[in-house]
């Protein structure tokens, strides 16, 4: 595993080279080669510098060819001077006149143009020489920086190899630790499974007891419901009989009262009292019947509530049993 190489370029052209690893401390190396991210980009810049050097050499060869051409023209002018056509002691006017006498008008115009071009070429040669000198100086600086960069890359490779060796050692140690932890985990899992099996047996016994209790409770509930229904039917029949008997007795009393009223008008007050007593007796009988009916209904409601509670308890127990089986 090779660590990451991170390079931070600064404004002045220098950069920081960082070796970044997930398991090792941060190593830094500093150089003065303008670079952005990694050694590959340094190699790219080096190839660009080489292309620039080749370009400068080509331009230098072109400038050298122009210089040779100018030297040829100067040599021809020197030959003219050696032939006596142009003398060093002549002034510019005399040189011009002698050149004018020696050369025709068209050739003189051509010579003037050539002289102008020669002056321009001399200026270009001077500029190219200055630029060539600056480029050669830059090339020397780049070669120095390239040497430094190569030494930095070599150091980085050495550090990378050291980090790889350290990583391999720590990897072996980690594998040994992981093996030991796996053994401990297997032992703990075995103990946990044994305890879980014992708990499962106890849970199954509890479930069997709960199921038996639920069956008993359901049978008890069915018995209570059937008993209550029978009792309710009996009470309804008794209530109907009592109501019918009270109505019959009330009618009989009314008939007796009518007979007594018809046969004994003189004893009307006594008959009225007897009638009132009979009415009170009937009212009391009706009140007792209604009260007993209310008691029967309240008892029936209590029994229904107890049955509902028992049903809810049975449903909750069954739900817990199902959830435990699902969890199992």
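Residue numbers (the numbering used here): 42 to 369.
Yeah, the Cβ is synthetic: ideal placement off N, Cα and C, and Gly gets one too.
Quick caveat, the model's predicted, so the values are computed rather than measured.
Just mark residue i as buried or exposed, buried being the case when its beta carbon has 16 or more other beta carbons within 10 Å.
i, result
"residue 184", "exposed"
"residue 250", "exposed"
"residue 296", "exposed"
"residue 204", "buried"
"residue 17", "Residue 17 cannot be examined here, being either before or after the span of the chain that is shown, 42 to 369."
"residue 190", "buried"
"residue 193", "buried"
Residues in its own chain within less than 8 Å of residue i by CB, not counting five upstream and five downstream?
i, result
"residue 359", "255"
Which residue wins for smallest C-alpha separation from residue i, given the options the options?
i, options, result
"residue 172", "231, 298 and 96", "96"
"residue 271", "341, 245 and 231", "341"
"residue 187", "328, 221, 89 and 289", "89"
"residue 299", "225, 337 and 315", "315"
"residue 105", "180, 168 and 276", "168"
"residue 293", "323, 238 and 199", "323"
Counting only the same chain and skipping the five closest in sequence on each side, list residues whose C-beta sits under 6 Å from that of residue i.
i, result
"residue 269", "344"
"residue 337", "276"
"residue 350", "none"
Quick one: residues in its chain with C-beta nearer than 7 Å to the C-beta of residue i, no 5 flanking neighbours on either side, listed in chain order?
i, result
"residue 280", "330 and 334"
When the cut-off is 9 Å and only beta carbons count, does residue i lie next to chain D?
i, result
"residue 198", "Looking for chain D here will not work: only one protein chain is present."
Quiz item: If we count Cβ pairs, one from each stretch, closer than 8 Å, do we get three or more for the region 353 to 360 versus the region 250 to 267?
Solution: yes
Quiz item: Are the region 221 to 233 and the region 315 to 325 touching by the rule of at least three beta carbon pairs closer than 8 Å?
Solution: no
Quiz item: Is there contact here, the region 322 to 336 with the region 227 to 241, by at least three beta-carbon pairs under 8 Å?
Solution: no
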